[in-house]
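Each residue of the sequence shown is one higher than the last, beginning at 192 in my numbering.
Beneath this line is the structure, given in structure tokens, with notes to follow.
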Amino acid sequence: VCSSDLLHLQMSGNPKLYNECATYRSKFHVNVDQLKQQLKHLIRKHDVLRCGYFVQSADRICVQEADDILVEIPQHDLTKIEILSEQRAKMLEIQLSCLVEPFDLSRPPLLRISLIHRKHDTILFLVFHHLILDGLSVSNIFLNELNRVNQVHAYQNRGILSYRTQAALERKFWQNSGS
């Protein structure tokens, strides 16, 4: 983290400018407990997701790594809203409220996740602070990795794979994840 960036962020008066967001659509029901486990795995793996930042002086920035981080995942049920334009408006309202809420930089994780349930799909809405990820990292790294973890869990829970196939899939996942 560049000290001038962090100082600018604290002095600018508009920390919301540094929030990044991504949307991930699933045609299937999302198990919140399972999603929390998947996020715990990613947070354990990537130290940047466990870090908080604070300015100690004009030339000194401190990074503090937290041990155990709990990620809350608020859920919003839009399945009863029949009119599509009303559903879209409500979804946009939820997303904007998540996006404009500033982060407390000293309290990791610098990310927020919301689930928006609609009739035929579930939207995973993610907001990250730019200090930990930029737009490309969110889509190219974080979402891909979350998807990989999700695929392993999905195959395990379906029970349709042989033990050998499941073990090979898990081995491949762990080799790709660097853990």
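For glycine and all other residues, C-beta sits at the position ideal for the given N, C-alpha and C.
Quantities reported herein were computed from a predicted structural model and do not represent experimental measurements.
Same chain, Cβ closer than 6 angstroms to residue i, neighbours up to 5 away in sequence not counted
i           : result
residue 242 : 254, 256 and 299
residue 218 : 312
residue 309 : 269
residue 267 : 285 and 307
residue 323 : 239 and 301
residue 282 : 307
Residues bridged to residue i [DSSP beta-bridge criterion]
i           : result
residue 268 : 308
residue 248 : 251
residue 279 : Residue 279 pairs with nothing; no bridge assigned.
residue 303 : 318
residue 338 : According to DSSP, which records beta bridges pairwise, residue 338 is partnered with nothing at all.
Reference residue i, options the options, closest by Cα
i           : options               : result
residue 214 : 233, 305 and 311      : 305
residue 321 : 269, 240, 259 and 266 : 240
residue 225 : 237, 250 and 263      : 263
residue 315 : 210, 231 and 221      : 221
residue 245 : 336, 278, 366 and 301 : 301
residue 260 : 283, 287, 230 and 249 : 230
residue 296 : 252, 236 and 362      : 252
residue 337 : 211, 209, 227 and 210 : 227
Three-state secondary structure (DSSP) of residue i
i           : result
residue 316 : strand
residue 217 : strand
residue 292 : coil
residue 222 : coil
residue 273 : coil
residue 202 : Residue placement at residue 202 cannot be trusted, given a pLDDT of 49 that sits under 50; what the coordinates show is reported in the next sentence. Helix at residue 202.
residue 211 : strand
residue 256 : strand
Cβ neighbours of residue i in the same chain (closer than 7 angstroms, five flanking residues each side left out)
i           : result
residue 238 : 256
Below-9 angstroms beta-carbon distance, residue i vs any chain C residue
i           : result
residue 335 : Looking for chain C here will not work: only one protein chain is present.
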